[in-house]
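Chains as they are written, first to last, in the numbering used here: chain A, 897 to 1276; chain B, 36 to 433.
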Amino acid sequence: MDFNLTEEQQMLQDTVARLVREQYGFEAREGFYRSEVGFSTAFWQQLSELGLTAVPFDEALGGFGGGCVDNLVIMTELGRGLCLEPFLHSQIFGGGLLQQLANPDQQQTLLPQVVSGELQLAVAFEEPQSHYRLNDVACRAEAVEGGWRISGRKSVVIGGDSADRILVSARTFGEQRDDSGISLFVLDPAAEGVSRSGYPCIDGPRAFDLLLEKVFVPSGAMLGEEGQALGALRYQQGRAIAAQCAEALGSMEEVFSLTLDYLKTRKQFGRPIGEFQVLQHRMADICSELEQARSMAIMAACVADEPDSDDRSRRLTAAKYIVARAARFVAEQAIQLHGGIGMTWEYSLSHHAKRLVMLSHQFGDDDHHLGVYAQLMQTA
Amino acid sequence: MNIRYTADELAFRDEVRAFVRQSLPADIATSVRLGKHLNKEQHQRWQRILSTKGWYAANWPVEHGGTGWTVVQKHIFQEECAALGAPRLISFGVNMVAPVIIKFGTEQQKACYLPRILSGEDWWCQGYSEPGAGSDLASLKTRAVRDGEHYVVNGQKTWTTLGQYANRIFCLVRTDTDARPQQGISFLLIDMDSPGISVRPIITLDGEHEVNEVFFDNVRVPVQNRIGEENRGWTCAKYLLTHERTGQAGIGTSKAALAHLKQVAAQETCDGRPLIEDPLLRAQIADIEMQLMAIEMSTLRILAAAQAGGVPGAESSILKIKGSEIRQAISHLMRKVLGPHALPFVEAELNPAFAGEPRHADYSSAPASEYFNLRKLSIYGGSNEIQKNIIAKMMLEL
Chain A
897 MDFNLTEEQQ MLQDTVARLV REQYGFEARE GFYRSEVGFS TAFWQQLSEL GLTAVPFDEA
957 LGGFGGGCVD NLVIMTELGR GLCLEPFLHS QIFGGGLLQQ LANPDQQQTL LPQVVSGELQ
1017 LAVAFEEPQS HYRLNDVACR AEAVEGGWRI SGRKSVVIGG DSADRILVSA RTFGEQRDDS
1077 GISLFVLDPA AEGVSRSGYP CIDGPRAFDL LLEKVFVPSG AMLGEEGQAL GALRYQQGRA
1137 IAAQCAEALG SMEEVFSLTL DYLKTRKQFG RPIGEFQVLQ HRMADICSEL EQARSMAIMA
1197 ACVADEPDSD DRSRRLTAAK YIVARAARFV AEQAIQLHGG IGMTWEYSLS HHAKRLVMLS
1257 HQFGDDDHHL GVYAQLMQTA
Chain B
36 MNIRYTADEL AFRDEVRAFV RQSLPADIAT SVRLGKHLNK EQHQRWQRIL STKGWYAANW
96 PVEHGGTGWT VVQKHIFQEE CAALGAPRLI SFGVNMVAPV IIKFGTEQQK ACYLPRILSG
156 EDWWCQGYSE PGAGSDLASL KTRAVRDGEH YVVNGQKTWT TLGQYANRIF CLVRTDTDAR
216 PQQGISFLLI DMDSPGISVR PIITLDGEHE VNEVFFDNVR VPVQNRIGEE NRGWTCAKYL
276 LTHERTGQAG IGTSKAALAH LKQVAAQETC DGRPLIEDPL LRAQIADIEM QLMAIEMSTL
336 RILAAAQAGG VPGAESSILK IKGSEIRQAI SHLMRKVLGP HALPFVEAEL NPAFAGEPRH
396 ADYSSAPASE YFNLRKLSIY GGSNEIQKNI IAKMMLEL
């Protein structure tokens, strides 16, 4: 048992924390949000120059060789700053899929640019009807001369028009909800037949819907074995969940500190409102939930790199469940404790609250994971 | 970072497991699993087994008969025992008064009391709460007036757990009525057979005789029975309360209760199918199990910090709140799993010696009364609201 960061990890933490503090003030963020791409390309550039985009990749592939604890460190700080860059979806989820499934050819042509941050990835896995079920894939890929033709829809793919490659799940055989028959393709969004319509999400980042009409992809664009992508999608989604728990942790820590400050400074009835016991107890509740969420985020980071097993799946699902519920509680109570000011767009707290609540709409909400855990749970 | 135990710690866990599996008497394990009221003999038998093995006073220093275990080992021991269905040790002697005697007592007091705790000769109870002093413990009124080499004690203690079995009681008494509430208190050890002491049962809502009132009518207590200095008893009390709170998350106990609940849900039926297959019930079990996992991880983080020399602060208050809520939630679910069979209240079936045919099943007799009994968890040891005050003051500085 060891809950300390290594010296290297502490340096990583200092680096990211300083970068976020200096570059990601709340007003700057508002500017990034309103910009054309919806995030800061300059900040992404700095992540790249400092080698941070390479952290989640193996050293043999030009990466830094970091594990999910390193991801925890980075994502906690990005969460604290409410950063809009698609680090999680591009470097951890997409990058993880690529690293796990790429053949030597794809490793050479694609990975170096992803590792360096030159090329951003998005992962298109949700469909209009799928509701967090990775196996519910209606999107189809038909074998044709020299490759495949993909048709179907993908919904709310996180990462905006900036995503240079999209990893798309499509069914090459089987029924719509079969576990087998799902393949993964690297899609060039400029290919003929691809329409993407982008929009901002309520918690900040950009996303897009994807309409694929007989889009041709060459055989070399298939990632991994035909029809066998579900296992990798689930495994890498587990790593993404761990990273998301860390992102929520950073955001919750910021909300906690903003709210505690507010209780100590805001005066009503002639005294700081933090002197009222009912508010003290609410703040103690926030503190307890945050503590549980922190424990689960750490646990998730520690098990996410382990080989696939029921124990790993149970723990990651439990982490997502506990963190999602804590995040919502902290967000709602922080707005309540702030009163009117917590309702305004001009105060960072409300944006953290939106992020904390809406994170549960990615990779499955608490009900979804409650169901998953209930299935995986040992009963004898 | 690494959430797993070391190889040595795993080996220790296996050693504890093997020992408990082999040594825990079946009748005691069954009584605990089914939620029956353990009798004095069962408690003492398990204590003796542990004492013989040298594992009873796990928290004591080695020179007094302790184990020398690390905080992680102590945790593993406690949780493994509970998870395997061993009864919770009655802590008043071994884990409450003993640490105070070891920390504040004279050599003579240590030599007198510690061996008798180890051997099980003495059964201690706690004289803290009074009718007018619950969460506000410092407002206690039981008086001790010096008379030569004795104190003369008058007053009343209440909620004295298993006082009917005890031959000794440790008490907080007021020795100075003029000082600020915390500063006029002394810590006294009193023989229960002293003239002037009387014990009256309090029957709790589940019909159980677990707690008592203890009355002191001009009870003469030798001055040498005082621990620490006169009027400095609050220091002992605070020290003891920190001991009382650690380990109160009761993770092992909750794990055992949840495993038992799953077994019962596999035997009870609804719509012709085992209840455990019902998605609604499974979801409720899953919710509790995941929350339990979170408390366990929080506990491990605190243990790791303590292992490195840190002193657990108000984090243990978080564990107390969450741990008690979970144990209560499990007992609530257990009651629901039994459906109408939770209703019969046949006190004879709660006796470990009951040998007749149970009304429905052996597991259905106790859960409803246990559910009501466990309401105490969020009240004693500093109510959950007091814990929130502690968090607000110590961690949040509000």
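We put the CB at the ideal spot given by N, CA and C, even for glycine.
Could you check which residue in the options has the C-alpha nearest to that of residue i?
i, options, result
"Ser930/A", "Pro1096/A, Arg1036/A, Thr1068/A", "The question names Ser, but residue 930/A is Arg in the sequence shown. Closest by alpha carbon: Pro1096/A."
"Val1268/A", "Gly977/A, Phe1069/A, Ala1215/A, Arg1224/A", "Ala1215/A"
"Pro375/B", "Glu165/B, Thr304/B, Ile361/B, Gln143/B", "Thr304/B"
"Asn424/B", "Ala343/B, Asp171/B, Ser233/B", "Asp171/B"
"Ile421/B", "Pro379/B, Trp194/B, Lys355/B, Ala388/B", "Lys355/B"
"Ile365/B", "Val249/B, Leu293/B, Asp252/B, Met131/B", "Leu293/B"
"Val1151/A", "Ala1197/A, Ser1246/A, Pro1114/A", "Ser1246/A"
"Tyr398/B", "Lys411/B, Leu433/B, Leu378/B", "Leu378/B"
"Val67/B", "His78/B, Ser58/B, Gln57/B", "His78/B"
"Ala1139/A", "Gly992/A, Glu1187/A, Phe1172/A", "Gly992/A"
"Gln363/B", "Asn408/B, Glu392/B, Ile337/B", "Asn408/B"
"Glu156/B", "Asp226/B, Trp194/B, Asn189/B, Glu405/B", "Asp226/B"
"Gly1225/A", "Met1195/A, Ser1256/A, Cys1198/A, Leu957/A", "The identity of residue 1225/A in the sequence shown is Phe, whereas the question assumes Gly. Nearest option by C-alpha distance: Ser1256/A."
"Phe939/A", "Met1254/A, Glu1014/A, Gly1042/A, Asp898/A", "Glu1014/A"
Please report how far the alpha carbon of residue i lies from the alpha carbon of residue j, in whole angstroms.
i, j, result
"Asp228/B", "Asn202/B", "7 angstroms"
"Ser1047/A", "Val1040/A", "13 angstroms"
"Leu1006/A", "Gln1132/A", "18 angstroms"
"Gln905/A", "Cys1141/A", "18 angstroms"
"Ala1128/A", "Glu76/B", "57 angstroms"
"Gly263/B", "Ser221/B", "8 angstroms"
"Leu948/A", "Phe1259/A", "24 angstroms"
"Asp252/B", "Ser233/B", "8 angstroms"
"Gln143/B", "Pro150/B", "12 angstroms"
"Val1033/A", "Val1010/A", "26 angstroms"
"Val912/A", "Ala401/B", "55 angstroms"
"Arg178/B", "Phe250/B", "12 angstroms"
"Tyr920/A", "Tyr1243/A", "14 angstroms"
"Asp1201/A", "Leu994/A", "15 angstroms"
"Met1239/A", "Thr972/A", "24 angstroms"
Taking buried to mean at least 16 other C-beta atoms within 10 Å of its own C-beta, is residue i buried or exposed?
i, result
"Ala291/B", "buried"
"Glu1143/A", "buried"
"Trp1241/A", "exposed"
"Lys297/B", "buried"
"Ser1091/A", "exposed"
"Ser1065/A", "buried"
"Pro122/B", "buried"
"Phe922/A", "exposed"
"Ser1093/A", "exposed"
"Glu955/A", "exposed"
"Pro982/A", "buried"
"Lys436/B", "The structure shown does not extend to residue 436/B, since chain B is modelled only from 36 through 433, so no value can be given for it."
"Glu114/B", "buried"
"Glu165/B", "buried"
"Leu315/B", "exposed"
"Asp241/B", "buried"
"Ala343/B", "exposed"
"Ser1079/A", "buried"
"Asp1206/A", "exposed"
Using a threshold of 8 angstroms, state whether the C-beta atoms of residue i and residue j are closer than that.
i, j, result
"Gly934/A", "Pro1101/A", "yes"
"Val258/B", "Tyr148/B", "no"
"Ala1087/A", "Val1053/A", "no"
"Arg1049/A", "Pro1024/A", "yes"
"Val51/B", "Ile111/B", "yes"
"Leu207/B", "Gly169/B", "no"
"Met1179/A", "Met332/B", "no"
"Arg976/A", "Ser1209/A", "no"
"Phe205/B", "Gly162/B", "yes"
"Val135/B", "Trp159/B", "no"
"Leu1156/A", "Thr1213/A", "no"
Just to confirm, does residue i get its C-beta within under 7 angstroms of one of the non-hydrogen atoms of the ligand NAD?
i, result
"Tyr91/B", "Although the ligand NAD was asked about, the structure shown includes no ligands whatsoever."
Whether or not the stretch 1224-1232 of chain A and the stretch 1103-1123 of chain A are in contact is what I'm after, with contact meaning three or more pairs of Cβ atoms, one per stretch, closer than 8 angstroms; do they touch?
With the cut-off at 8 angstroms, the stretch 1103-1123 of chain A and the stretch 1224-1232 of chain A do not touch.
Specify whether the stretch 112-131 of chain B and the stretch 336-352 of chain B touch according to this definition: at least 3 beta carbon pairs, one from each stretch, less than 8 angstroms apart.
With the cut-off at 8 angstroms, the stretch 112-131 of chain B and the stretch 336-352 of chain B do not touch.
Assess, as a yes-or-no matter, whether the stretch 1117-1124 of chain A is touched by the stretch 993-1000 of chain A under the definition of 3 or more beta carbon pairs within less than 8 angstroms.
Verdict: yes, contact present.
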